[in-house]
Amino acid sequence: PRGPVKNICCIGAGYVGGPTCAVLAWKCPDIKVTITDISEERIAAWNSEELPIFEPGLDAVVKEARGRNLFFSTDVDGSIAAADLIFVSVNTPTKEAGIGAGLAADLCYVEAATRRIATVSKKGAIIVEKSTVPCRTAESMRKILEAVSPSTDASFEILSNPEFLAEGTAIEDLLDPARVLIGAMPTPGGQLAQQRLAEVYARWVRPEAIITMGLWSSELSKLAANALLAQRVSSINAIAAICEKTEANVHEVSSACRLDLRIGSKFLEAGVGFGGSCFQKDLQNLIYLSLSLGLPEVAEYWKQVLVMNAWTKRRFSKDIVQKMFSTITSKHIAVLGFAFKADTGDTREAPAIDVCRDLLEDGAVVHIYDPKVSEASIDRALMAKGACSHTATKGKGYIVEPSMQQACAGASALVFMTNWTEFSSKQVDWKAIYQSMSKPAFIFDGRNVVKDVEALKKIGFSVYKSGVGY
Ligand code: NAD
Ligand code: UGA
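Take the sequence shown: its letters are residues 16 to 485, numbered as in full-length UniProt numbering.
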């Protein structure tokens with residue numbers, strides 16, 4: 016009964032559901048794709064001129080497909096009911112309370128979506144886990160589907176199809192993915208469903224990049240990939256700490272390591288630590304899984320990647336205070352970049368949040384500039400981490416500025432927290448920035464933005480870069 020896929024519903028119009036299914040619709044004009052969400056605000060933004068997320072290339076894709084075969088809707092049930100394939104792309108944050116708080120993934124959104132699918136989906140619909148989930152989540156989904164479905168002969172097939180896009184490069188990652196994993200049960204129904212989803216991707220993805228495997232391997236591959244990537248960042252940051260104490264330069268060390276093909280060239284950029292919504296969450300998820308499986312040594316091993324990341328952020332703040340004569344009280348400090356990486360407006364787990372909190376706690380007046388993060392997002396991020404109280408008497412303690420120049424004017428230090436290309440552009444008039452600053456003027460580079468340290472020193476700046484000993 017399972018013919019080629021003609022109608023797709025995506026539950027969750029976030030950073031993953033939106034770009035993933037927009038690209039799918041763009042590449043497959045004959046498949047109707049509806050991206051649905053419970054958030055009216057998010058769906059309204061997807062249907063407007065100003066999309067809810069900034070992602071290079073996304074606007075053009077949405078503009079071409081929207082209204083043709085791509086639709087954004089709050090009618091979750093209606094969209095599910097019409098679909099023969101349903102992507103579950105809802106959020107899976109770390110649990111904040113209860114059993115496993117601080118480690119386990121909160122699967123309440125996955126369960127709520129699964130219940131809607133059980134209740135309204137049509138017979139034979141293929142359900143695809145797109146969200147990052149703990150290993151064996153498909154088993155729980157199957158139990159919910161079978162228990163809740165009103166039909167006695169319902170046959171659900173669940174596939175695991177984790178997403179590997181990185182924010183900032185989502186469209187290029189989706190157009191030419193390193194791999195597309197499709198995990199299924201080794202049953203005839205599972206294999207057929209796997210084939211149907213593979214046929215959809217085969218419309219634009221290289222055949223050798225479409226990998227089929229078992230459900231549990233596919234679920235675990237996602238956690239494994241993020242854990243290994245995060246581990247590389249913590250590893251190079253651990254080396255960076257040694258460099259700072261030995262007058263070695265981590266950029267020279269990493270360039271030497273990169274040339275070894277067995278090590279590889281990517282993800283060895285030392286700095287102020289990793290941010291983003293997934294590395295920390297997925298490592299916590301893996302740590303919890305290890306503990307649940309009675310593997311405390313394995314849990315401890317992965318935990319160290321997080322410990323190193325937290326320490327790296329804290330060390331950066333401490334260095335700023337120490338280098339500025341051990342006091343930053345009432346000093347103006349420009350924080351350049353707030354997003355967790357360049358080319359995204361996303362602030363989730365951005366290291367800038369921790370560093371701003373530390374600087375504010377130490378009494379600095381912080382001036383924040385980011386080309387793509389709104390003041391409202393900065394407020395929300397800092398409030399959530401308890402970094403500001405917004406009291407009427409004290410104000411916020413920080414000022415969101417409209418440009419790099421304005422953030423730096425009158426400041427004693429500027430701190431790079433995101434590697435936006437505009438910060439390293441030749442257009443930046445460093446002499447003018449230096450003149451506008453209070454002296455001595457410091458630069459703290461947590462993202463390897465400054466390439467020519469000597470030129471800035473010549474102007475008069477005191478320059479400190481993560482991982483470079485002086
Ligand atoms: P997000 O918070 O941006 O989006 C999730 C959306 O799901 C929200 O808009 C929310 O309103 C909606 N939602 C929740 N419950 C719903 C329900 N029952 N019905 C309809 N809509 C519902 O999250 P995201 O960043 O897109 O991440 C989604 C998943 O993808 C997570 O599991 C994440 O780990 C994984 N992932 C994220 C990235 C990334 O770069 N952000 C990359 C790969 C994988
Ligand atoms: C990461 C993975 O790269 C994606 O493959 C995965 O799909 C995604 O998580 C997810 O599951 O959400 P993302 O978090 O969007 O993607 O961004 P990354 O490019 O991985 O960067 C994460 C953080 O690590 C950033 O703060 C970045 O600045 C930092 N980083 C990265 C470094 O400090 N050094 C590096 O060498 C690389």
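No residue lacks a Cβ here, since even glycine has one placed at the ideal position from N, Cα and C.
message: Can you tell me where the alpha helix (DSSP H) holding D188 begins and where it ends?
response: One-based indexing of the sequence shown puts residue 188 at position 173. Element bounds for D188: 185-190.
N-terminal and C-terminal residue of the beta strand (DSSP E) that C371 is part of: Start at 1 with the first residue of the sequence shown, and residue 371 comes out as number 356. Segment 366-376 is the alpha helix (DSSP H) holding C371; no beta strand (DSSP E) there.
Point to revise | Extent of the continuous alpha helix (DSSP H) to which A314 belongs | key: Stepping through the sequence shown from its first residue, residue 314 is reached at position 299. Where A314 is concerned, the enclosing alpha helix (DSSP H) stretches over 311-338.
Review point. Which two residues bound the contiguous alpha helix (DSSP H) that contains V468?
Key: Here residue 468 refers to the residue found at position 453 when the sequence shown is read from its first residue. It spans 468-474 - the alpha helix (DSSP H) in which V468 sits, taken as one unbroken run.
Can you have a look at I186 and say buried or exposed, based on whether 16 or more other CB atoms are within 10 angstroms of its CB? Locating residue 186 in the sequence shown gives position 171, counting from the first residue. So I186 ends up on the buried side.
- Anyone know if the C-beta pair for A133 and G484 falls short of 8 Å? In the sequence shown, counting from the first residue as 1, residue 133 sits at position 118. In the sequence shown, counting from the first residue as 1, residue 484 sits at position 469. No, the Cβ-Cβ distance between A133 and G484 is not below 8 Å.
Identify every run of the alpha helix (DSSP H) within the region 45-103, keeping only runs that are complete inside it and at least 4 residues long; order them along the chain.
-> 55-61, 73-80, 91-97
Quick check: I26 and L39, are their CB atoms within less than 8 Å of each other?
For this step, residue 26 is matched to residue 11 along the sequence shown. For this step, residue 39 is matched to residue 24 along the sequence shown. No, they are not a contact pair.
Notebook entry, point to check: So who's on the other strand from E178, going by DSSP bridges?
Noted result: Position 163 of the sequence shown, counted from the first residue, corresponds to residue 178. For E178, which the question treats as bridged, DSSP gives no partner whatsoever.
Under the three-state DSSP convention, the category L283 falls into: Start at 1 with the first residue of the sequence shown, and residue 283 comes out as number 268. In this structure, L283 counts as coil in the three-state DSSP scheme.
| message | Going by beta-carbon coordinates alone, are K145 and V91 separated by less than 8 Å? | response | Looking up residue 145 in the sequence shown gives position 130. Looking up residue 91 in the sequence shown gives position 76. Cβ distance not < 8 Å, so K145 and V91 don't count as in contact.
* Asked: Are at least three pairs of beta-carbons, each pair with one atom in the region 252-266 and one in the region 277-289, less than 8 Å apart?
  -> yes
With DSSP collapsed to three states, give me the class of A133. Within the sequence shown, residue 133 is the residue found at index 118, counting from 1. Note: A133 maps to helix in three-state DSSP.
Paired residues, beta bridge with N22 - DSSP: Residue mapping note: residue 22 aligns to position 7 of the sequence shown, counting from 1. K47, per the DSSP bridge assignment.
CB V48 to CB N84, shorter than 8 Å? Numbered from its first residue, the sequence shown carries residue 48 at position 33. Numbered from its first residue, the sequence shown carries residue 84 at position 69. Contact: yes.
Can you round the beta-carbon distance between A153 and L235 to whole angstroms, since I take them to be within the 8 Å contact cut?
Within the sequence shown, numbered from 1, the residue matching residue 153 stands at position 138. Within the sequence shown, numbered from 1, the residue matching residue 235 stands at position 220. So it is not a contact: roughly 12 Å between Cβ atoms.
Measure from the alpha carbon of A96 to the alpha carbon of each residue in R363, K78, K138, V20, then state which is nearest. The sequence position of residue 96 within the sequence shown is 81, counting from 1. Among R363, K78, K138, V20, the Cα nearest to that of A96 belongs to K138.
Smallest Cα separation from F431: which of L397, P455, S451, V370?
-> Here residue 431 refers to the residue found at position 416 when the sequence shown is read from its first residue. The shortest C-alpha separation from F431 is found at V370.
**OP:** Reducing DSSP to helix, strand and coil, say where S411 ends up.
**Re:** Taking the first residue of the sequence shown as position 1, residue 411 is located at position 396. For clarity, residue 411 is Lys in the given sequence; the question names Ser instead. Coil at K411, not helix or strand.
* To do: Leaving out five residues on either side along the sequence, give the residues of the same chain with a beta carbon under 7 Å from the beta carbon of Y303.
  => One-based indexing of the sequence shown puts residue 303 at position 288. Result list for Y303: G115, L118, A119, in chain order.
Own chain residues within Cβ distance below 8 Å of T344, not counting five before or after: Locating residue 344 in the sequence shown gives position 329, where the first residue counts as 1. D377, G378, A379.
Comparing alpha-carbon positions, which option in F294, G291, R247, L301 lies nearest G279?
Position 264 of the sequence shown, counted from the start, is the residue given in the question as residue 279. The candidate whose alpha carbon is nearest that of G279 is R247.
Candidates E65, I142, I68: closest to L100 by CA position
Working through the sequence shown from its first residue, we reach residue 100 at position 85. The candidate whose alpha carbon is nearest that of L100 is I142.
- Task: Return yes when the Cβ of G360 is within less than 8 Å of the Cβ of A354, no when it is not.
- Result: Working through the sequence shown from its first residue, we reach residue 354 at position 339. Working through the sequence shown from its first residue, we reach residue 360 at position 345. Yes. Within cutoff.
Next item on the list: Decide if F331 is buried, meaning its Cβ has at least 16 other Cβ atoms within 10 Å, or exposed.
Entry: Start at 1 with the first residue of the sequence shown, and residue 331 comes out as number 316. So F331 ends up on the buried side.
| field | Cβ shell of T408 (< 7 Å), same chain only, five flanking positions each side left out | value | Numbered from its first residue, the sequence shown carries residue 408 at position 393. Below a pLDDT of 50, predicted positions are generally treated as unreliable, and T408, at 48, falls in that range; no measurement from the model is reported.
*Quick one, are the C-beta atoms of T129 and L180 less than 8 Å apart?*
In the sequence shown, the residue the question calls residue 129 occupies position 114. In the sequence shown, the residue the question calls residue 180 occupies position 165. No, these two residues do not count as a Cβ contact at 8 Å.
Q. When we look at the beta-carbon of F442 and count the other beta-carbons within 10 Å, is it buried (16 or more) or exposed?
A. Position 427 of the sequence shown, counted from the first residue, corresponds to residue 442. Per the sequence shown, the amino acid found at residue 442 is Gln instead of Phe. So Q442 ends up on the exposed side.
Margin query: Taking 7 Å as the limit between beta carbons, can you name the residues of its chain near T327, skipping five residues before and five after?
Written below: Counting from 1 along the sequence shown, the entry for residue 327 is found at position 312. Excluding residues within five positions, the ones whose Cβ falls inside 7 Å are N252, V287, G288.
Own chain partners of Y216 with C-beta closer than 7 Å, once the 5 adjacent residues on each side are dropped:
Taking the sequence shown and counting its residues from 1, one reaches residue 216 at position 201. Excluding sequence neighbours, Y216 sits near V195, I225.
Cα-Cα separation, K281 to E315
Along the sequence shown, one-based indexing puts residue 281 at 266. Along the sequence shown, one-based indexing puts residue 315 at 300. Computed Cα separation, rounded: 25 Å.
Cβ neighbours of G72 in the same chain (closer than 6 Å, five flanking residues each side left out): The count along the sequence shown starts at 1 and reaches residue 72 at position 57. Answer for G72: I186, listed in chain order.
**Asked** Which residue from N463, S427, V464, S440 puts its Cα closest to that of residue 486?
**Response** Summary: the structure shown does not reach residue 486, with the chain confined to residues 16 through 485, and so no result is reported for it.
Exercise. Which value, in whole angstroms, describes the spacing of the CA atoms of K466 and K411?
Worked result: Translated into the one-based positions of the sequence shown, residue 466 becomes position 451. Translated into the one-based positions of the sequence shown, residue 411 becomes position 396. Approximately 33 Å between the Cα atoms of the pair.
query: Measuring from the CB of S292, is there a heavy atom of the ligand UGA at a distance below 7 Å?
result: Counting from one through the sequence shown, the residue named residue 292 turns up at place 277. Under cutoff, so the answer is yes.
Review point. What is the DSSP secondary structure of A193, counted as helix, strand or coil?
Key: To locate residue 193, count along the sequence shown from 1; it is residue 178. Looking at A193 - three-state DSSP - the assignment turns out to be coil, as it is neither helix nor strand.
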